[in-house]
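Number of protein chains: 2
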Amino acid sequence: MESKTIGVVGLGLMGASLCKALGAQGHRILGRDTDEHVQKYALLTETIQGELTEDNIPECDYLFLATYPGAAVETLKQLAPKIRKDAVVSDLCGVKQAVCEPCFALAEEYGFTFIGGHPMAGKQFSGIKYADGNLFQNATMILVPRKREDLFLVSRLSELLRETGFKSVTVTTAEKHDEMIAFTSQLAHVVSNAYIKSPTAAEHLSFSAGSYRDLTRVAKLNETMWTELFLDNAEHLGFELDCLIKSLQEYRDAIAAGDAETLKKLLKEGRERKEAIDTEWQDKK
Amino acid sequence: MESKTIGVVGLGLMGASLCKALGAQGHRILGRDTDEHVQKYALLTETIQGELTEDNIPECDYLFLATYPGAAVETLKQLAPKIRKDAVVSDLCGVKQAVCEPCFALAEEYGFTFIGGHPMAGKQFSGIKYADGNLFQNATMILVPRKREDLFLVSRLSELLRETGFKSVTVTTAEKHDEMIAFTSQLAHVVSNAYIKSPTAAEHLSFSAGSYRDLTRVAKLNETMWTELFLDNAEHLGFELDCLIKSLQEYRDAIAAGDAETLKKLLKEGRERKEAIDTEWQDKK
Numbered sequence: 003m004e005s006k007t008i009g010v011v012g013l014g015l016m017g018a019s020l021c022k023a024l025g026a027q028g029h030r031i032l033g034r035d036t037d038e039h040v041q042k043y044a045l046l047t048e049t050i051q052g053e054l055t056e057d058n059i060p061e062c063d064y065l066f067l068a069t070y071p072g073a074a075v076e077t078l079k080q081l082a083p084k085i086r087k088d089a090v091v092s093d094l095c096g097v098k099q100a101v102c103e104p105c106f107a108l109a110e111e112y113g114f115t116f117i118g119g120h121p122m123a124g125k126q127f128s129g130i131k132y133a134d135g136n137l138f139q140n141a142t143m144i145l146v147p148r149k150r151e152d153l154f155l156v157s158r159l160s161e162l163l164r165e166t167g168f169k170s171v172t173v174t175t176a177e178k179h180d181e182m183i184a185f186t187s188q189l190a191h192v193v194s195n196a197y198i199k200s201p202t203a204a205e206h207l208s209f210s211a212g213s214y215r216d217l218t219r220v221a222k223l224n225e226t227m228w229t230e231l232f233l234d235n236a237e238h239l240g241f242e243l244d245c246l247i248k249s250l251q252e253y254r255d256a257i258a259a260g261d262a263e264t265l266k267k268l269l270k271e272g273r274e275r276k277e278a279i280d281t282e283w284q285d286k287k
Numbered sequence: 003m004e005s006k007t008i009g010v011v012g013l014g015l016m017g018a019s020l021c022k023a024l025g026a027q028g029h030r031i032l033g034r035d036t037d038e039h040v041q042k043y044a045l046l047t048e049t050i051q052g053e054l055t056e057d058n059i060p061e062c063d064y065l066f067l068a069t070y071p072g073a074a075v076e077t078l079k080q081l082a083p084k085i086r087k088d089a090v091v092s093d094l095c096g097v098k099q100a101v102c103e104p105c106f107a108l109a110e111e112y113g114f115t116f117i118g119g120h121p122m123a124g125k126q127f128s129g130i131k132y133a134d135g136n137l138f139q140n141a142t143m144i145l146v147p148r149k150r151e152d153l154f155l156v157s158r159l160s161e162l163l164r165e166t167g168f169k170s171v172t173v174t175t176a177e178k179h180d181e182m183i184a185f186t187s188q189l190a191h192v193v194s195n196a197y198i199k200s201p202t203a204a205e206h207l208s209f210s211a212g213s214y215r216d217l218t219r220v221a222k223l224n225e226t227m228w229t230e231l232f233l234d235n236a237e238h239l240g241f242e243l244d245c246l247i248k249s250l251q252e253y254r255d256a257i258a259a260g261d262a263e264t265l266k267k268l269l270k271e272g273r274e275r276k277e278a279i280d281t282e283w284q285d286k287k
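Respectively, the protein sequence lines represent chains G and W.
According to the numbering used here, the first sequence is numbered sequentially starting from 3.
According to the numbering used here, the second sequence is numbered sequentially starting from 3.
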C-alpha cells in the first residue's frame, strides 16, 4: 500500500503498538498523548515520526482514537472541524455503543467517516513501555460501521489494519459487540479480580495449580480504565454477572445439600456446553 | 536408587503417568485397573510390567492408590491384610481428609505406613491414553503424614517421588490441604464450568479473547470424579463459593448503581491483592 499519514491520539499500550505496527509498513505516523513524558518517549524511540497537532490534522488520511472511551469522544469533538472529509477515523476502545453513537453523529455533522474499532488483542500490562509492533499478529479486529456506510471505506480501513498482522476482520454492530464483549472479556476481568479476594488467597503458595493461575491472570487490571468500560456497558455486564452468580449459587446449594445427582448434572451440562462450543470453534477455523 | 517393586491401583491419567515416570527409573511396576481394556492396554504398552494381584501385593515396597477417593479407601480395606509392614502406601487423590482418616486407621491396624499424597499436576484430559511420564516434571507434591509419623519414612517416599521429576515436596495436614485446594483448584473448576453456561457463550466466536479462554479452560471436566471430590470437601468449597458469590454481588451492585467510586475501589483492591501475592510468590521462588 502507498504510504499514508496516520494520526494516533493516545500512546498507551494499544495506541503505541498500532504506531509501531503501521510505522513498520512505511506509513508516516503522527501521535499525541496528554502525558508529556509519554509524548517525548514516543518521539525519542521513533514510535511516532512527529507530534499530531491541530495544524497537521488535515494531513491525516486516517485517525485513530486510542484513549479511554469518554476521552475519545471528547477528542473527536475538539478535532472534528480540522478533519479532512475523505479521512477515515476509527478508535480502539473496549466498548462500542458509548463511543460509536456520538462519533457517528460528529462524522455526519462534519462530513468525514467514522468506523468504530476494537482489536481482540492485549496484554496484562499497560503503557507505551510495553508497546509491541507484533501485538496484533493473528488477532481479530472488530469493526463497527454505520448501518449504511460505504463498503469501500470499510474495506479501505480493513486493508490498512491487515498490514499490522490481523488475521481477520469482523464487521458487527455496536450493540452486538458490547453484548459479546461483556461475556468474553469484561466478565472474565471481574471474576478474576473477585477470585483473588478469598481470605485463602494469601496462604495458598505451595498449592498453586494451573487452574488458579488461569483464573487470576487478569486480576491485575487498570481500575480507572475498566471502571469506565464496565459502566459504559453496565446493562450487558450486569446481565452476565447475574447469570454467573445464579449459576454458582446452584452448585453451592447442591454442595450444601450433599446432592450428588444435581451436582453431577450441573457439571455435566457445563462440560457438554464447553465441548459443543469448542467443536463449533474448531469447525469454523 | 535401587530398583523397588511398586504397586499402582488405578491406571487413569495420574496412575498411568506415575507408572511411566517410575518405570523409566528402573523400578518394577505392577498395576491394576477395574477396566479390563485399560489393564490390557497398560501391559501392551509396557506402562506396567505385570498385573498387581493379591498374590504379589506382599512383594510391593510402595503402593499407590490412584483411584477416586471412595474407591481408594475401599481398595485399601481389601488389600490391607496382604501389605508388608515395612511398605509405604500413598494415594494421588484430590482430597485428603476423606482419604487419610480411614487410611491412617487401616495403617495403624495392619502395621504398614500410610502417607497421603496429591501431585499438583494434571491435564484437562483423563485416561491412560494421555498418560505422560513427564507429567510431574517441576510440579509440587503434597504429602500428608500422620502427626507422629517416622520422618525417615516420609523422606523415603519423598525421594522416590523426586525421581519422577517433582521439583519440591510440601508436607502439610489433611485439613490444610483441603482448605487450600478448595481455593486453588476446586473453586476454579466450578467457576469455569459455570462461566460457559451464559446464553451468550454460544454466539461469541469472533469475540473470543485470551481472558475467556483462560476462564473456561477447565470447564471440560470429568463430572463423576469432581462430584465426589467436591462433596468430600463440601465445607471448604462451600466457604470459597460463598466468598466469591458475595464479592461478585458487590461489583454487580456498584455497576447497577452506576457507582464509579465503589467499583474502582473494588477493582483496585483486587489488583493490589494480586500484586502482593505475585510478589510474595516471586520472593519465595
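Quick reminder that beta carbons are idealized off the backbone N, C-alpha and C, glycines included.
None of the values given here were measured: they were computed from a predicted structure.
- In chain order, H191 place their CB closer than 7 Å to the CB of W228 of chain G, counting only its own chain and leaving out the 5 sequence neighbours on each side.
- The beta-carbon of G119 of chain W is placed no less than 7 Å from the nearest beta-carbon of chain G.
- Taking a C-beta distance under 7 Å as the contact criterion, A89 of chain G and G240 of chain W do not qualify as a contact pair.
- Within the DSSP secondary-structure output, E53 of chain G pairs in a beta bridge with G:G33.
- The beta carbon of K125 of chain G lies closer than 8 Å to those of L15, Y132, D134, L137 in the same chain, with the five residues before and after it left out.
- Remark: C-beta atoms of E61 of chain G and T7 of chain G approach each other more closely than 7 Å.
- Within chain G, I247, L250, Q251, R254 have C-beta atoms less than 8 Å from the C-beta of I247 of chain W, given in sequence order.
- At least 7 Å separates the CB of D180 of chain W from every CB of chain G.
- Around the beta carbon of K169 of chain W, fewer than 16 other beta carbons lie within 10 angstroms, which makes this residue exposed.
- Three or more beta-carbon pairs separated by less than 8 Å link the stretch 99 to 116 of chain G to the stretch 68 to 88 of chain G, which places the two stretches in contact.
- M16 of chain W: member of the alpha helix (DSSP H) spanning 15 to 25, first to last residue.
- Here G9 of chain W is near L32 of chain W, since their CB atoms are less than 7 Å apart.
- Straight-line spacing of the CA atoms in T202 of chain G and E165 of chain W works out to 31 Å.
- Here the alpha carbon of L162 of chain W sits roughly 38 Å from the alpha carbon of G212 of chain W.
- Contact between G113 of chain G and K87 of chain G holds, with the beta-carbon distance rounding to 4 Å and staying under 8 Å.
- Residues of the stretch 167 to 194 of chain W with a C-beta atom less than 8 Å from some C-beta of chain G are S170, T172, T174, H179, E181, M182, I183, A184, F185, T186, S187, L189, A190, H191, V192, V193, S194, listed in chain order.
- As computed with DSSP, M143 of chain G is found in a beta bridge with G:P121, G:V171.
- Unbroken alpha helix (DSSP H) stretches of 4 residues or longer found wholly inside the stretch 61 to 123 of chain W: 71 to 81, 99 to 112, given in chain order.
- Listed along chain W, no residue sits closer than 9 Å to R86 of chain G by beta-carbon distance, the nearest being about 31 Å off.
- Secondary structure of G212 of chain G (DSSP, three-state): helix.
- With contacts defined as CB atoms closer than 7 Å, V173 of chain W and L145 of chain W qualify as a contacting pair.
- Sequence-distant partners of L108 of chain G (beyond 5 residues in either direction) whose C-beta falls short of 6 Å from its own C-beta, in its chain, are L78, A82.
- For G135 of chain W, DSSP assigns no beta-bridge partner whatsoever.
- Between G129 of chain W and the set W:T49, W:G272, W:R273, the nearest pair of CA atoms involves W:T49.
- Within the stretch 126 to 158 of chain W, the residues whose Cβ lies closer than 8 Å to some Cβ of chain G are T142, I144, listed in chain order.
- Bounds of the beta strand (DSSP E) holding G9 of chain G are 7 to 11.
- What D244 of chain W touches in chain G, judged by beta-carbon distance under 9 Å, is R254, going in chain order.
- K98 of chain G counts as buried, since no fewer than 16 other beta carbons sit within 10 angstroms of its beta carbon.
- Scanning W:A73, W:N140, W:G167 for the CA closest to the CA of D234 of chain W turns up W:A73.
- The same chain holds no residue with a CB closer than 8 Å to that of K267 of chain G once the five nearest residues on each side in sequence are set aside.
- DSSP, reduced to helix, strand and coil, places S200 of chain W outside both helices and strands of the structure shown, so it counts as coil.
- Secondary structure of N235 of chain W (DSSP, three-state): coil.
- Unbroken alpha helix (DSSP H) runs of no fewer than 4 residues, entirely contained in the stretch 229 to 277 of chain W, are found at 236 to 258, following chain order.
- The beta-carbon of Y70 of chain G is placed no less than 7 Å from the nearest beta-carbon of chain W.
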